[in-house]
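What the sequence shown shows, in the UniProt record's numbering, is residues 1 to 85, in sequence order. For each residue, glycine too, the CB sits at the ideal point set by N, CA and C. For reference, the structure is listed below as structure tokens.
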Amino acid sequence: MKGDTTSRGYGWRHQQARRIALANMEPGQPCARCGQPMSRAEPLDLDHTDDRAGYRGLAHRSCNRSAGAAKGNAGRAKPVTSRRW
């Protein structure tokens, strides 16, 4: 997905929502993706729902980006292997 940050869902509104979520985060709050505790010392992302209409909540950056990469990779075409000689 290409385009500017706003068209990809990471514009001003997303940044404001992330700031608010981080300000309201409780120490040890579970990650929206893996359920493990989080701390402010870790890199955290505000995780979108799969349809990008809302947010799942804060997530470890690695959990959120791994999930996004898996979704993107699943949508890519796989090469066709032909056995015809």
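Put simply, the segment 3–20 does not touch the segment 30–41. Fewer than three CB pairs are less than 8 Å apart. Close CB contacts of Ser39 within its chain, under the 8 Å cut and outside five residues either way in sequence, are with Pro27 and Gly28 (chain order). Just measuring C-alpha positions, the residue of Ala53, Asp47 and Gln15 sitting nearest Ser66 is Asp47. By the criterion of a C-beta distance shorter than 8 Å, Thr49 is surrounded in its chain by Tyr55 and Arg56, once the five residues flanking it on both sides are discounted. Judged by their CB atoms, Pro43 and Arg61 are nearer to each other than the 8 Å cut-off. Of the residues assessed, Asn24 falls on the exposed side of the cut-off, its CB having fewer than 16 other CB atoms within 10 angstroms. Here Ala59 carries a strand assignment [DSSP, helix/strand/coil]. Residue pairing for Asp47: DSSP places it in a beta bridge opposite Gly57.
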